[in-house]
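Visitor: Each residue of the sequence shown is one higher than the one before, starting from 0 at the first, in numbering that gives the first Met the number 0. Sharing a structure here in structure tokens format.
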Amino acid sequence: MSNERPRLRQSERFSAPQHIRVTLPDDDTVSGTILDWNESGARIQLEIQEMNSTNLGTGVMVINHVDINFKKVWQKKDNNRVLIGVTFDNLSDKAYAYILSQTYAKSSYCLTEQQYNNRIWYLFVIWWLDVLKQRKAHTREDK
0 MSNERPRLRQ
10 SERFSAPQHI
20 RVTLPDDDTV
30 SGTILDWNES
40 GARIQLEIQE
50 MNSTNLGTGV
60 MVINHVDINF
70 KKVWQKKDNN
80 RVLIGVTFDN
90 LSDKAYAYIL
100 SQTYAKSSYC
110 LTEQQYNNRI
120 WYLFVIWWLD
130 VLKQRKAHTR
140 EDK
């Protein structure tokens, strides 16, 4: 019987600490870094401290002169920066080819294996801390 770690996504994510520029719907431009990505989406750290949740629904990230359209899926604050999870939307052939060249087409010697902590106790503790944060946020709003 084989035993493999649980798959959290449909496609594997690849580390890619690359600098990008993100153009927001109101034509503001923000610097950021791709933390990891695949052909369908990415996790991005933006170089801003606060962001209105309604400020970013869609946008364009520019990396090495390639425009990649995206839709925001989630957002959270992390160490005075904003993290967003995005899915790519209406990719041009050039953008799709670029993403593939930076993920699946890289030599295995260039890739580092990500360390996952999928132990059940760890997932439970993370879930419980998130529940406590949500409760704390609701109690502040009630006052």
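A virtual CB, placed ideally from N, CA and C, is assigned to each residue, including glycine. A quick note: this is a predicted structure, and the numbers were derived from the prediction, not measured.
Does the Cβ of W36 have 16 or more other Cβ atoms within 10 Å, making it buried, or fewer, making it exposed?
Guide: Result: buried.
Visitor: Note down the Cα distance separating I19 from D27, rounded to an integer number of angstroms.
Guide: Going from the Cα of I19 to the Cα of D27 covers about 14 Å.
Visitor: Output needed for R42: all residues of its chain with C-beta closer than 6 Å, excluding positions within five of it in sequence on either side, in chain order.
Guide: Counting only Cβ-Cβ distances below 6 Å, and skipping sequence neighbours, we find L34, D35 and G84.
Visitor: Excluding the 5 residues preceding and the 5 following L131 in the sequence, name in chain order all residues of the same chain whose CB lies nearer than 6 Å to its CB.
Guide: Here the set comprises nothing.
Visitor: Just the Cα atoms here: how many angstroms apart are V61 and L82?
Guide: Cα-Cα distance, rounded: 17 Å.
Visitor: How should T177 be labelled, buried or exposed, when 16 other C-beta atoms within 10 angstroms of its C-beta is the threshold for buried?
Guide: With the chain covering 0 to 142 only, the question about residue 177 has no answer from this structure.
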